[in-house]
Every structure is written in structure tokens, then in C-alpha cells.
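Protein chains in written order, with numbering that gives the first Met the number 0: chain A, 0 to 313; chain B, 0 to 541; chain C, 0 to 269. We put the CB at the ideal spot given by N, CA and C, even for glycine. The model shown is predicted, which means the values in this text are computed figures rather than measured ones. Reading through the C-alpha cells given below for one structure.
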Amino acid sequence: MLRYILHRLLMTVPTALLVALAVFVLLRLVPGDPAQLMLGDTATEETLAELRSQLGLDQSIPVQFMYWLGNVLVGDFGRSITNDLPVLPLILDRFRVSASIVLVAVLLATLVAVPAGMIAAWKQNSLGDLMIVAGATMLLSIPSFWLGLLMLLLFGVKLGWLPVVGYVSFAEDFGRALAYVVLPTATLTLIEIGVVTRMARAATIEVLRLEYITHARAKGVPEGRVLWRHALPNAFAPTWTLLGLILGNLLGGIAVIETVFTLPGLGRLLVDGIFARDYPVVQGCLLFIAIMYVLVNLLVDLLYPVFDPRVAAE
Amino acid sequence: MTPTRPSAVPAGPGPLLAVTDLSVTAGDRTVVDRVSFSLQPGEIMALVGESGSGKTMAARSVLDLLPPGVRRSGGRILFDGRDLSALPPSAMRALRGPGIGMVFQEPMVSLNPALTIGSQLAEGLELHRKLPKDEVRRLCRQMLDRVQITDPDRCLAAYPHEFSGGMRQRIMLAAVMLLQPKLLLADEPTTALDTLTQREVLDLMVELTRDNGTAVILITHNLGLVGRYASNAVVMERGRVVEAGSSRDILLRPQQPYTQTLVGALPRRGPARPVPPDARPIVSVRDLEVLFPGRKHLFRAGRPVHAVKGVSLDVRPGEVLAVVGGSGSGKTTLGRAILGLVPAKAGRIHFAGTDIAASDPAAMRRFRLACQLVFQDPYSSLDPRMRVGPIVAEPLRHAEGMDGKAKAVRVAEVLEEVGLAGFADRHPHALSGGQRQRVAIARALVRRPAFVVADEPVSALDMTIQQQVLSLLQRLQAQHGFACLFISHDLAAVAQIADRVAVMEHGLVVETGTRDEIFDRPQHPYTKALLEASPRIDDLAA
Amino acid sequence: MRLRANAVIGGTLIGLLATVSFTANFWTPYAPLRINLRARLRPPSDLYWLGTDEFGRDVISRLMAGAATSALVALMTVVAAVVLGVVIGVLAGFLRGWLDRVLMAINDTLLAFPGILLALGLMAVIGPNKWGIILALGLAYAPSVVRVVRGAVLSVREREYIEASRVIGNSEVYTMARHVLPNCVAPIVVLATSMFGWVVLAESALSFLGLGVPPPAPTWGNMLSAARPYLDQAPWLSIAPGLCIALTLLGINLLGDALRDRLDPRMVAA
Numbered sequence: 000m001l002r003y004i005l006h007r008l009l010m011t012v013p014t015a016l017l018v019a020l021a022v023f024v025l026l027r028l029v030p031g032d033p034a035q036l037m038l039g040d041t042a043t044e045e046t047l048a049e050l051r052s053q054l055g056l057d058q059s060i061p062v063q064f065m066y067w068l069g070n071v072l073v074g075d076f077g078r079s080i081t082n083d084l085p086v087l088p089l090i091l092d093r094f095r096v097s098a099s100i101v102l103v104a105v106l107l108a109t110l111v112a113v114p115a116g117m118i119a120a121w122k123q124n125s126l127g128d129l130m131i132v133a134g135a136t137m138l139l140s141i142p143s144f145w146l147g148l149l150m151l152l153l154f155g156v157k158l159g160w161l162p163v164v165g166y167v168s169f170a171e172d173f174g175r176a177l178a179y180v181v182l183p184t185a186t187l188t189l190i191e192i193g194v195v196t197r198m199a200r201a202a203t204i205e206v207l208r209l210e211y212i213t214h215a216r217a218k219g220v221p222e223g224r225v226l227w228r229h230a231l232p233n234a235f236a237p238t239w240t241l242l243g244l245i246l247g248n249l250l251g252g253i254a255v256i257e258t259v260f261t262l263p264g265l266g267r268l269l270v271d272g273i274f275a276r277d278y279p280v281v282q283g284c285l286l287f288i289a290i291m292y293v294l295v296n297l298l299v300d301l302l303y304p305v306f307d308p309r310v311a312a313e
Numbered sequence: 000m001t002p003t004r005p006s007a008v009p010a011g012p013g014p015l016l017a018v019t020d021l022s023v024t025a026g027d028r029t030v031v032d033r034v035s036f037s038l039q040p041g042e043i044m045a046l047v048g049e050s051g052s053g054k055t056m057a058a059r060s061v062l063d064l065l066p067p068g069v070r071r072s073g074g075r076i077l078f079d080g081r082d083l084s085a086l087p088p089s090a091m092r093a094l095r096g097p098g099i100g101m102v103f104q105e106p107m108v109s110l111n112p113a114l115t116i117g118s119q120l121a122e123g124l125e126l127h128r129k130l131p132k133d134e135v136r137r138l139c140r141q142m143l144d145r146v147q148i149t150d151p152d153r154c155l156a157a158y159p160h161e162f163s164g165g166m167r168q169r170i171m172l173a174a175v176m177l178l179q180p181k182l183l184l185a186d187e188p189t190t191a192l193d194t195l196t197q198r199e200v201l202d203l204m205v206e207l208t209r210d211n212g213t214a215v216i217l218i219t220h221n222l223g224l225v226g227r228y229a230s231n232a233v234v235m236e237r238g239r240v241v242e243a244g245s246s247r248d249i250l251l252r253p254q255q256p257y258t259q260t261l262v263g264a265l266p267r268r269g270p271a272r273p274v275p276p277d278a279r280p281i282v283s284v285r286d287l288e289v290l291f292p293g294r295k296h297l298f299r300a301g302r303p304v305h306a307v308k309g310v311s312l313d314v315r316p317g318e319v320l321a322v323v324g325g326s327g328s329g330k331t332t333l334g335r336a337i338l339g340l341v342p343a344k345a346g347r348i349h350f351a352g353t354d355i356a357a358s359d360p361a362a363m364r365r366f367r368l369a370c371q372l373v374f375q376d377p378y379s380s381l382d383p384r385m386r387v388g389p390i391v392a393e394p395l396r397h398a399e400g401m402d403g404k405a406k407a408v409r410v411a412e413v414l415e416e417v418g419l420a421g422f423a424d425r426h427p428h429a430l431s432g433g434q435r436q437r438v439a440i441a442r443a444l445v446r447r448p449a450f451v452v453a454d455e456p457v458s459a460l461d462m463t464i465q466q467q468v469l470s471l472l473q474r475l476q477a478q479h480g481f482a483c484l485f486i487s488h489d490l491a492a493v494a495q496i497a498d499r500v501a502v503m504e505h506g507l508v509v510e511t512g513t514r515d516e517i518f519d520r521p522q523h524p525y526t527k528a529l530l531e532a533s534p535r536i537d538d539l540a541a
Numbered sequence: 000m001r002l003r004a005n006a007v008i009g010g011t012l013i014g015l016l017a018t019v020s021f022t023a024n025f026w027t028p029y030a031p032l033r034i035n036l037r038a039r040l041r042p043p044s045d046l047y048w049l050g051t052d053e054f055g056r057d058v059i060s061r062l063m064a065g066a067a068t069s070a071l072v073a074l075m076t077v078v079a080a081v082v083l084g085v086v087i088g089v090l091a092g093f094l095r096g097w098l099d100r101v102l103m104a105i106n107d108t109l110l111a112f113p114g115i116l117l118a119l120g121l122m123a124v125i126g127p128n129k130w131g132i133i134l135a136l137g138l139a140y141a142p143s144v145v146r147v148v149r150g151a152v153l154s155v156r157e158r159e160y161i162e163a164s165r166v167i168g169n170s171e172v173y174t175m176a177r178h179v180l181p182n183c184v185a186p187i188v189v190l191a192t193s194m195f196g197w198v199v200l201a202e203s204a205l206s207f208l209g210l211g212v213p214p215p216a217p218t219w220g221n222m223l224s225a226a227r228p229y230l231d232q233a234p235w236l237s238i239a240p241g242l243c244i245a246l247t248l249l250g251i252n253l254l255g256d257a258l259r260d261r262l263d264p265r266m267v268a269a
């Protein structure tokens, strides 16, 4: 068990390094001279040279990478070109907004979807199963940003219950802040219910076919307990892995939801950075999200043996 | 030692279980058709049949544990004076466990991998007997001790994956017997285990049930087990009972044609074939060693497995040399290593007098082209995307001096030999297991090899099919005279086909001899144990 | 029974998409790019079935033209990702050894980026245009193809009929081409189908963010993006393009389920 944890932790180091390298190389692929891009056509040769040496662009690429990596490791992600603020605090500030929505959505979706999927699997091919599967497949097919627009249309425009544009932080005014995040969270929750329900159902069907379920029934275990105690831990294991992927994908794709609901989150920071050619911000966001994704999956893997004790033994 | 109980059961208040006109349907197909049988308290009854006979469905109906889509469509099941077909679900549930218990076939999937052994053992007691915690624990430990698990305390906290198949089957048995059921349904409980373990688990089951006065329905396809353990037997074929009676009568004096076929399908030892004493071996193996490297981890390599530890043997032209042993004895690896499919760590192989070294590709290729392999599992040894004709024709790609016409003639000839003329256009999935194995044999023989390795070629097949394929192999071997290395754990099949036998244990050949020497005068203790554990019906006649 | 319904509904939806995509170049009620400032933000009527947008352009014509763009982009992306993924996956699964380890290390790093994030990063580099999207999404989704293909190759290699082919005396390359690859087709087809759906979604998300196909060329995503400020005034602009995306994805999901059940009942539906 300890060996598994250690092994998994150590495997994360090279992955994280490669991720950093990939982000670095990606941004080096931008055609043209970054200094020129940042300062525009009117810049003089002198100011360009100054910026180049300031950014370390006059060094060789491996040296630049080591230099950049060293800075990143001590938390220096560089400064934004548009407003000259340090990038990391900016990212952390925006990340709070995105993370709260994503985490709550995944949690809510799991609480609804896992039982729904299990019930559908238990009553496989019944009318209830058919309806759950049809509903999940429909939710799966709706693009998140469109569902967000429809929600805004209904609750914001038609019914006027919730605000359409804007954001207030929780520190400022809890009640109003809640009003701004209800719809984005609900949107993501609904979308993820589709994915998780289907996964939970498929995994439960696999498990219910196995003999240890029949064995439990042959011992006289009531159906509810068969599902809850014997099927759930085994069926939840693959779903649990999926949750890591979902969390990462949500973080990666959060930009669209933040655009729909005009929320100042991490995704919006990234997209605005791309538009403004603010490369330190873009680089920082990409690296941050990718590392978060790696960490989330690390956490998922570390907790996996709880659901499947066989893994730790290998 | 014969654990068989006397077939005359003292007349009691009536049968423990009486099944009358039971029918089970799957969709619109009838899988159990008006089946009746009955069982006295404490009796061991065998329910015998091949795959598709409906024996498992008939037994599962008793517990009302049929798979989805399969349901009981008629008949009465009386258990302990109660009509089970009229029982509400909750009463049925109360009966499962303390009334009727069940042991399953696959020990690898019949214990829940996510729960500790302790919690799975305790579950039944907690549900049905409402005992205090430490009393439950005491009973569990006692029972684990009973099924010969060393260190029961550690076992209670462990997960199923930490145990071997045989151990899990004992734990399974312990879990069921803890509730002291009046009836135990054992569904092929030892089919997945090797001969020695099978014997241990079944003996244990008989002992435990006898002490508890539990009646047993032993569902099996193995007639040898019927003779050894059951007092009565019911034979099923395609959903119907064809014959019922005492095990002795069924095995020694079968009345119905199907039962006669079944009993007749048991491998029989024929007269020994004369072996020319000075024949030079066609394949000669010296000091062969195979070492599997352990799985690589980040910091350390796993322990390497020494699968074959220096084996020497000779195969003479035209003879069948059987290699027998339990699982993990290295017999399969030996066969693969001789053919060069698994790299050998040390040792030499001579083929027709020449040394087959990896350094001589021409000799290696000549050897390869003269050899063939028949696999155990006919379901995975044929490419599912190819038709029978091309599968059988494929080895002829490398046959020199044959034109297209000659190849086509050869393929037709071989298919005819294995009884599959006219099957060339079928896909493997449209064939039965026996037919697939015939295709595999045809593919192996189409190049007229001098040496064939047959790796458990019949053990995945049904009894009657086993005998057909075994006889086919025997006939073709006699006809074409190829030398054959017959790898098997099934001593009965070996007795029928082998000229000589090599016994393997832990990667070593512990004994070699002619068939009759090995079977009649075994020297090594392992050989003796194998023979003793191997179920035979000849014992009954004695 | 349910399988048949899946295949029929899914097939119909995708067939409709294909038909509209093919014919949009030859026939739309109005020219999709024609601006008519006198007919701005008209609600649906018998003149404009789905209304007009902020420049007075006919919504249904733009949806049809958008279908053509989306379908083309998705198709080319999937082809690019599958070709790239199959080549690398087969190479890795076939050769094994150090090359496999290097390829898989790179691949796993790319998989450490959520697909849409990698595409976003690449779009930042390449710049928003049609070919840029195909390149970015193709590169973003190829790693999952690599993973599936390599897995399939490795698992098929373990089957006994592969060993049988070796016993016959066939070469490794022949065995690979004749026995291994044909048996890897099923999972690739299933993956490619679902990937078509992911790409349609990713492309519309990028366009919605303004990082996809640039206006005035219509795509469903940039139509939705342009509709956001008029949510109040002209809700029909937000409904129609989203519905098109949703129906396409529904079609792909249903078709994917049917395919998966038919080709490979052991693959878990996710």
C-alpha cells in the first residue's frame, strides 16, 4: 500500500516536468518575435532589445527553459503584459471562482447520477431504465454553453429570478454572490449528470453479472443491501476514475461557461490572455490548469484502492 | 478411502427437497423441461449433464436465483415441507443461507473483491442469526480453522485477491457452511481447480456437510466425481431428465442411450502399442530451462519465475509422449519453449539429429516448419475474422513445391479427415467448440508435420465432444505417424492416448516411464498423489 | 429492440446532417452572408423561418452553411486524429521496447492536458481559422487514439491465434498485417464515432469563444456567440444553433451506443 502511494507520487514528477516542457515549447512555437508582438510595430529597436533581455530571449532555448522552470518552481509565473501584475496571484484569484463552481457541480452530479445509474442498471431494460438512459443521453448531447444560454433565457430573461450579467464575490455579499453562481453551477451539474449516470449504469451492469452478487443473494442478503454494500464499491471504482477526467475537462473547458455567465474565472483569464496576446498569462494558465489536472488524477489514483483493494497489491 | 455414503437412506419423514415438473424458460426457449427429482436429508445427489443441459438453471430455480430474462414457468418445488413457488420474496430470502446455501464455480469471481473476508463471512450470520459481534467472530475463526486456513485472524482482515483459487473455494465453503444450511447447491465447485486441489476441496465439503447433516446437490459434468462422492445421480440432456438412479447403476449399468454415450465417452486405457526400443528420438530436449523475468517496477524488478528448471526428454518418431502435472508445474511453458515460442534460458534441442540453435536460422526454420501446436482454447486460437478454409490453408503459405491446386486439394483432404468437409466457408463463431477444435487440428496437420505439441487440446470441451476429439487425434496420429507431445492435467485422457508419460512438478520432470509403468507402478510420491486424486469410475466396479 | 431504435434515430439525425451539409453549398433559402439592415432581428415568420440576426441575415440559411462547415471540420479532424493515432499506436504496440516507452511518455503528457485546453493553447499559437482548428483539435485528440490503438494491438497480440500464426512460420510483419490489425478495427471505429461528437462540440465551443472559424463565415458556435448580447431581444438566435449542435451530438451518441453494442459488447459505455 505504502509502496503504491510512493510509486504513484514519484510518477507524477516526470509527468509534471513534461507538462511544463510542453507548455514552454508550445508558447515558443508562436510565430514571430514575442517582444515585437508585445510592443507592437511602433517599438524602437532599443526598447525591443531591452525587453528581449528582460524576458531572457537572448539566451539559448534550454537555458531559457531552465530559467523559466526555476522561476515557476518558486511561484514566479512572470508578470502580465496588459496590466503588469504578477501572474500567479491573478491565476489563484480567478481559480477560486472556477474551482468552486466545478467542484460543487461534480459533487452534486455524482450524488444524483450514481444512484440513478445504479437503479437503472438494477432494473435493466425496464421503463424506468429506459427513461433514465434516454434522459442521460440527452443531457450528454447538450452543449454546456447552450444549456447555459437557455437557463439564462428562462430564469434571467423570462422569469427575471436571477441576474443575467455580472458577478459579486462571496466575500462582498453572500446572498447576491449565490444568485450569480446558481445558474452556472446548475448548468454544469446537469451536463455532468448525463456522463456520470451512463458510466455508473454501465459499471453496475458489469458488476451485477458477476457471481459474487449471486453469492450475496444466495446468502439471503436483501436487494437494497446487495446494491449498496456489494455492488456500489465495485461499480464506483471505474466511475471514480472518470470523475478525475471530468474534473480536469471541466477546468479545461470552463471558459465557455464563464463566457456565457460573464464570470471572472480562470478560463476567461486564459481566453482574454489569448486575445490580448498576453503570453505570460496564457503560459501561466495553461501550466496551472494542466498541473491541476495532473494533481486531481493523482488524488483519484491515490484514493482508488479504497474502492478496489486489488490495485494496491500489484 | 471412499467418502461415498450408503445409497440406502433410512426412511424419514419424507424428502428434504422434491422438485416436480419444473420448467424454466429463457425468452421463448425452454431450458428446463418438466424436470422432477427429490432428495433425502443428508443425501449427496449429483446433477449431471453437459453444457446446455439445463442442470445449473434447474438448481438455481430452487433458490429462485435465475439470471435476468430467465424465469420459472411451471412446476412445484417442495423444500422441508414448504412450497417454494408460492413463497413471498421476503420468506424466500430468509430461506437463502440458513435453509439452502450455494457454492459457485469460479472462485476468482465469487467472492466480493472490495470487501474483507471477515465481513463477507460475518454478513450471513449477522443477517440471519442476530448474534453478538464477538460470537460472530469466534464462529468465523472456528469455521476458517475447520476448512484448514492457516492463520484465520489474518484471513478475516484480508481481501479475496490475496488467496489462490483453492483457498478461495475453501473460504467460500466456509461462508456457506457457517449458516448450517439443510441443503447445499454446489455448482461445478471444483471445475476451475487442478486435480489435487479439487480432491482436497471436495473431501472437505463432504466432511463438513456430513457433520452438519446437510444434503448436497453436486452439479457437475465430471462422471468421475459422481462415482466418488454422490450416492444418487440425475442425468440431464437438453433440459430434460434422461435417467435417474443410484450412482452405481448410472455409471455401471446405464439404461438410456444418452447415459450410455456419456459413460462410453469416458477415456479408456487401451492395449499398449509396441515401441521400437532402439528408435532414435526425433525431438530431443536436454537441460531446458525457462526463466520468466519478474514484472518491472520503478525501483526493483519482481521476482523472476523459474518455470522450467532443467528438463530433459526424448520424443521418438510416431509416439505420443504425455506431459502431466498440476497447474504451475511448467508443462505448458515446456511445450512452448520446445517450439521456440518462449525463449529458453539454457538447454539444447535436437531435431532429427541436428542441433537447433538460434545461431542457425536455416535449421531453426526447418524445425519450425516441421512442427505444429494445437491449443487448449478453441475460442481464442482461431482468428475470428477468417473463414475456416483460409485458416486451414494458411500454413501452406510456407509449403515448398505446392501449387495452388495442390494446396486446395490438401485443404479439402484435411477438412475431410477431421470431419468438416463442406465447412470451408464458415466463420469460427458459427461453429461449436468441438468443431473449432477440429479446425485447429486440421490447421496443425495440413502441412503433415513430423512433430505436434498438443496443449490440453480437449480440456475446454464437453465430455462427449472430448472423446470425439481425442479419438480423432488418436486416429490421425496413428494414420500419419507424427510424434506428439500431449500436455494434459487429465490422467484419464492421457491413459487413453499416451505411449509414454512424463510427470512434471515445480518445473522438473519427476518421473518418466511407459504409460503402464506410470499408471500401474508409480514411483514418485507426486505421481502417486495425482493418480489417487484423479477421479475414475473403475473404482466403483472393484 | 432498444438497439434498433438507437441506430434508427441516430442514423436519421446524422443522415440529415450529412444531407444538409452536402447540399448547403448549392441551395439555401437566402445567401448566408447577405446583409439586410432593414430586416434586422426579425422573429421567425413564413418569410424567415427561423428569423434573422443582428445584420438581417437569414438564420436558417446560416445554419445550413454552418452545418457544412462544422461537419467538414469534424470529419477532417477525426480523419487526421485517427490516421496519426493509428500510425503511432501501431508503431508503439508493434515495436515495444524503448521506442514504445518514449512514445507513450510523450503521449501521456499530452493526455495530461484536457483535449479542449490543448486545443485552446494551440489556437493561441496558430490563430483562429478553419485549418488551425483542424490541426489543433487533430493534435489534441490523437493521443486518445494512440492509447486505444496501442491497447488493442497489445491485447490482440496476446490471443492464441497470433501465437498460432507464429507457429505456422509467418513473419511478425505478416502476422501484424493479417491477424492483429484487422482485429483492432472495431474499437477504432467506435472511438472515431464518439470523437466526431467531441470534435463538433469542441469546434463550436472554440467558435463560441471567438477562437474558432472567424466571422462572417457562419458556424453554429460563432452564431451562438453573436447571439449572446441579444438574448433579451432575439432569443430565437440563441435557440436554433444550439439545438442543431445538440441534435448532432444526440445522433452521434445514439449511433455510437448502437455501434459499440454491435461491434464490441465488452466495451463499457461511458
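Contact under 8 Å by Cβ, residue i with residue j
i: Ser533 (chain B); j: Thr194 (chain B); result: yes
i: Val85 (chain C); j: Val188 (chain C); result: no
i: Val391 (chain B); j: Val341 (chain B); result: no
i: Gly272 (chain A); j: Ser97 (chain A); result: no
i: Ala405 (chain B); j: Pro266 (chain B); result: no
i: Met75 (chain C); j: Tyr140 (chain C); result: no
i: Gly56 (chain C); j: Pro28 (chain C); result: Here the sequence assigns Arg to residue 56 (chain C), which means Gly is not the residue at that position. Against a cut-off of 8 Å, the Cβ pair of Pro28 (chain C) and Arg56 (chain C) comes out as no contact.
i: Ile192 (chain A); j: Ala112 (chain A); result: yes
i: Arg315 (chain B); j: Val274 (chain B); result: yes
i: Ala157 (chain B); j: Val135 (chain B); result: no
Rounded Cβ spacing between residue i and residue j (contact assumed at less than 8 Å)
i: Gly506 (chain B); j: Val307 (chain B); result: 5 Å
i: Arg169 (chain B); j: Gln141 (chain B); result: So it is not a contact: roughly 14 Å between Cβ atoms.
Exposed unless 16 or more other CB atoms sit within 10 angstroms - verdict on residue i
i: Pro524 (chain B); result: exposed
i: Ser283 (chain B); result: buried
i: Asp63 (chain B); result: buried
i: Asp382 (chain B); result: buried
i: Asp300 (chain A); result: buried
i: Ile60 (chain A); result: exposed
i: Glu412 (chain B); result: exposed
i: Phe21 (chain C); result: exposed
### Message
Any C-beta of chain B within less than 9 Å: which residues of the region 204-227 of chain A qualify?
### Response
Leu207, Arg208, Leu209, Glu210, Tyr211, Ile212, Thr213, His214, Ala215, Arg216, Ala217, Lys218, Gly219, Val220, Pro221, Glu222, Arg224
### Message
Which residues of the region 223-239 of chain C have a Cβ closer than 9 Å to any Cβ of chain A? Give them in chain order.
### Response
Leu223, Ser224, Ala226, Arg227, Leu230, Asp231, Pro234, Ser237, Ile238
### Query
Closer than 8 Å, Cβ to any Cβ of chain B: which residues of the region 294-312 of chain A, in chain order?
Phe306, Asp307, Pro308, Arg309, Ala312
### Query
In chain order, what residues of the region 333-354 of chain B put their CB closer than 7 Å to some CB of chain C?
Leu338, Leu340
#### Entry: Proximal residues, the region 160-172 of chain C versus chain B, C-beta separation under 9 Å
Tyr160, Ile161, Glu162, Ala163, Ser164, Arg165, Val166, Ile167, Gly168, Asn169
### Query
If contact means a Cβ-Cβ distance below 8 Å, which residues of the region 71-87 of chain A contact chain B?
none
#### Entry: Contiguous beta strand (DSSP E) assignments of at least 3 residues, all confined to the region 206-273 of chain A
none
### Message
Taking beta-carbon pairs under 7 Å, can you tell me which members of the region 46-75 of chain B lie near chain A?
### Response
Leu62, Leu64, Pro67
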